[in-house]
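Since the structure comes first, as structure tokens, the remarks are kept for the end.
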Amino acid sequence: MVRARRLGLLLGDQLSFNLDMLQVLDPQQDALLLAEVQEEARYVPHHPQKIVLIFSAMRHFAEALRERGWQVIYVTLDDPHNRGSIAGELHRWQAALEAQQVHVTECGEWRLEQALRDSGLDLHWHADRRFLCSRAEFAAWAKGRTQLRMELFYRQMRKRSGLLLEPDGSPVGGAWNFNSDNRKALPRGVRGPFPARFAQDPITRQVIALVGERFTDHYGRLEGFDYPVTHAEAQALWAHFLQFSLAAFGDYQDAMAEGEPYLFHARISAALNIGLLDLRELCADVDSAYRQGHVPLNAAEGFIRQLIGWREYVRGIYWLCMPDYAGLNAFGNQRALPGFYWTGHTRMRCMAQAIVQTLELGYAHHIQRLMVTGNFALLAGIAPPAICEWYLAVYMDAFDWVELPNTLGMVMHADGGYLGSKPYCASGKYIQRMSDHCRHCEYRVDRAVEEDACPFNALYWHFLMRHREPLSGNPRMSLTYRNLQGMSEERRAALWQRGEDLLARLDAGEAL
Ligand code: DLZ
Numbered sequence: 001m002v003r004a005r006r007l008g009l010l011l012g013d014q015l016s017f018n019l020d021m022l023q024v025l026d027p028q029q030d031a032l033l034l035a036e037v038q039e040e041a042r043y044v045p046h047h048p049q050k051i052v053l054i055f056s057a058m059r060h061f062a063e064a065l066r067e068r069g070w071q072v073i074y075v076t077l078d079d080p081h082n083r084g085s086i087a088g089e090l091h092r093w094q095a096a097l098e099a100q101q102v103h104v105t106e107c108g109e110w111r112l113e114q115a116l117r118d119s120g121l122d123l124h125w126h127a128d129r130r131f132l133c134s135r136a137e138f139a140a141w142a143k144g145r146t147q148l149r150m151e152l153f154y155r156q157m158r159k160r161s162g163l164l165l166e167p168d169g170s171p172v173g174g175a176w177n178f179n180s181d182n183r184k185a186l187p188r189g190v191r192g193p194f195p196a197r198f199a200q201d202p203i204t205r206q207v208i209a210l211v212g213e214r215f216t217d218h219y220g221r222l223e224g225f226d227y228p229v230t231h232a233e234a235q236a237l238w239a240h241f242l243q244f245s246l247a248a249f250g251d252y253q254d255a256m257a258e259g260e261p262y263l264f265h266a267r268i269s270a271a272l273n274i275g276l277l278d279l280r281e282l283c284a285d286v287d288s289a290y291r292q293g294h295v296p297l298n299a300a301e302g303f304i305r306q307l308i309g310w311r312e313y314v315r316g317i318y319w320l321c322m323p324d325y326a327g328l329n330a331f332g333n334q335r336a337l338p339g340f341y342w343t344g345h346t347r348m349r350c351m352a353q354a355i356v357q358t359l360e361l362g363y364a365h366h367i368q369r370l371m372v373t374g375n376f377a378l379l380a381g382i383a384p385p386a387i388c389e390w391y392l393a394v395y396m397d398a399f400d401w402v403e404l405p406n407t408l409g410m411v412m413h414a415d416g417g418y419l420g421s422k423p424y425c426a427s428g429k430y431i432q433r434m435s436d437h438c439r440h441c442e443y444r445v446d447r448a449v450e451e452d453a454c455p456f457n458a459l460y461w462h463f464l465m466r467h468r469e470p471l472s473g474n475p476r477m478s479l480t481y482r483n484l485q486g487m488s489e490e491r492r493a494a495l496w497q498r499g500e501d502l503l504a505r506l507d508a509g510e511a512l
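Position 36 (the sequence shown) corresponds to 36 in my numbering; numbering is contiguous.
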């Protein structure tokens, strides 16, 4: 066995040439370790395509590193000596290579970072500079603030990055945020572009065979995998978005439509989160597309806000508040996740569409996640750990640092409003306004208490009634509570009863 002076670990979501560690270590004397392990593949029932993505991208990255002269140890899942965990493999290879030092990059997830810190290995830690704001910088920004607000954080990131700024430091277009120009419903006849698809090469096909054998107990379709697995393919996906989708993304980023799983969304989040794309390069491209007049400001600003605003903000909150954050449950929700989240077998058309496409593609866009599957979980009072695990398992781009704050905080309001100032609860009316699902649904969105009424309607009012305390005191909810107060007592009682019936049916294991 060859020896190495130092050993560097690269995790399945750290597949970037820009990592600090790769600048510090020396290809002449040091070795890099990538390991496919049971523990990472099974800590939640990841969508089979997500496991394919990670393993295939890891194998391709290992090849690319070797081409650049690195000595790479690559451990496959079926290696008979595989110890099944990242810490186990680090121990094994440190001993085998007689490495004097082991280098690691901050993990995306608290769970794994804790396991490495508890591993008994003497580790040299590197910050993950793929993000704009370090953990320590976020903590310094948050210190002394009673309420954290994304908008203020976002403005700081804009100033710091120089993105979409005038020479005097003011925001281009005279405002920091064009959020209100991002909410158009899709006009009839408008469709998203033909999606970019990536053919499976022999490495990917080998991984698909492995996953098909080993993960038969995980939910989600394995066939049809077409995600980018190399840096070059991820760049091609990005170029496709810039050319065909970004201009319309601004207007229609909240829209939903039958048979349109992607619309004008970039579908780059999985590639970005595992290191195949670089945040700074993406933002620079969007900034320059705007400055060259190729895309309107609501598109450029809306996109950049998601990346340097929301994405960095949720990561900051995650590392500031873990591990306690994972246990928060402000509404005391205890209900089990309905079985139809794993099958899509529900008569609610919007839910069925979002869930089925999720199981087929490992993808749904943010409004489907927030206002359809998420909204239902909030209104139905699903226990936060159950719905958080679902999101973490089924989405290709889901890692705890981004999934947990988004689900527990933004979707479920289980942190009591720390991350977002009001719950994103909505009746069927919102879904009707933003999609064409209701036109194809068995339930009637214009009804609330009848047997054929859209379940979102009564559940919405039931949610507001059962959480009157503490929500009615929230100034952003006052109009909603005035509407509730304006109803007759009989109407409120009927809505409550219909909500009770629906929840009882969920508890009995019935699909709505
Ligand atoms: C998601 C995932 C999966 C499915 N498998 C592996 C693996 O076998 N080896 C690995 O290094 N990483 C994997 N990952 C990504 C890790 O779970 C991810 O790095 C941590 O959750 C982030 O802390």
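Glycine included, each C-beta is placed from N, C-alpha and C at the ideal position.
Predicted model, so just to flag it, every value in this text is computed and none were measured.
Distance, residue j Cα to residue i Cα
| i | j | result |
| --- | --- | --- |
| R221 | W125 | 37 angstroms |
| G212 | E233 | 23 angstroms |
| L379 | F17 | 43 angstroms |
| A511 | A354 | 15 angstroms |
| R505 | M412 | 21 angstroms |
| G409 | G192 | 30 angstroms |
| G334 | M351 | Here residue 334 turns out to be Gln, not Gly, going by the sequence shown. Taking the straight line from one Cα to the other gives about 21 angstroms. |
| S170 | L464 | 40 angstroms |
| C388 | E403 | 7 angstroms |
| L297 | H231 | 28 angstroms |
| P405 | G316 | 10 angstroms |
| R117 | L15 | 21 angstroms |
| A458 | E151 | 32 angstroms |
| A99 | Q28 | 14 angstroms |
| G417 | E312 | 18 angstroms |
| G509 | F331 | 22 angstroms |
| H46 | K159 | 38 angstroms |
| F340 | R347 | 10 angstroms |
| R498 | E451 | 8 angstroms |
| L121 | R214 | 30 angstroms |
| L53 | P228 | 8 angstroms |
| L9 | L123 | 10 angstroms |
| Q243 | L186 | 20 angstroms |
| F55 | S288 | 34 angstroms |
| G173 | D285 | 18 angstroms |
| R42 | A393 | 9 angstroms |
| D26 | L97 | 15 angstroms |
| S488 | I382 | 29 angstroms |
| L282 | V295 | 14 angstroms |
| V75 | R468 | 54 angstroms |
Residue i CB to nearest heavy atom of the ligand DLZ below 7 angstroms
| i | result |
| --- | --- |
| L11 | yes |
| G144 | no |
| C438 | no |
| E213 | no |
| C107 | yes |
| E40 | yes |
| A271 | no |
| V207 | no |
| H46 | yes |
| V37 | yes |
| I304 | no |
| L112 | yes |
| I203 | no |
| I355 | no |
| I387 | no |
| I54 | yes |
| F178 | no |
| F399 | yes |
| I73 | no |
| I317 | no |
| I86 | yes |
| I308 | no |
| I51 | yes |
CB-CB length for residue i against residue j, believed under 8 angstroms
| i | j | result |
| --- | --- | --- |
| I274 | A35 | Wrong, their Cβ atoms sit about 15 angstroms apart, outside the cutoff. |
| G302 | F178 | 6 angstroms |
| E384 | N474 | A quick correction: the sequence has Pro, not Glu, at residue 384. 19 angstroms between Cβ atoms; not a contact. |
| Q32 | V2 | Position check: residue 32 holds Leu in this sequence, whereas Gln was assumed. About 13 angstroms; that fails the 8 angstroms criterion. |
| F376 | A299 | Incorrect: roughly 29 angstroms between the Cβ atoms, too far for contact. |
| L495 | H462 | 7 angstroms |
| S472 | Y481 | 5 angstroms |
Check: residue i C-beta below 7 angstroms from any heavy atom of the ligand ATP
| i | result |
| --- | --- |
| L392 | Ligands in the displayed structure: the ligand DLZ; the ligand ATP is not one of them. |
For the stretch 85 to 102 against the stretch 48 to 65, are there 3 or more C-beta pairs whose distance is under 8 angstroms?
no
Below 8 angstroms, how does it come out for the stretch 104 to 116 and the stretch 240 to 260: are there three or more Cβ pairs, yes or no?
no
Checklist entry - Okay, do the stretch 359 to 373 and the stretch 20 to 33 touch, 3+ Cβ pairs below 8 angstroms being the bar? => result no
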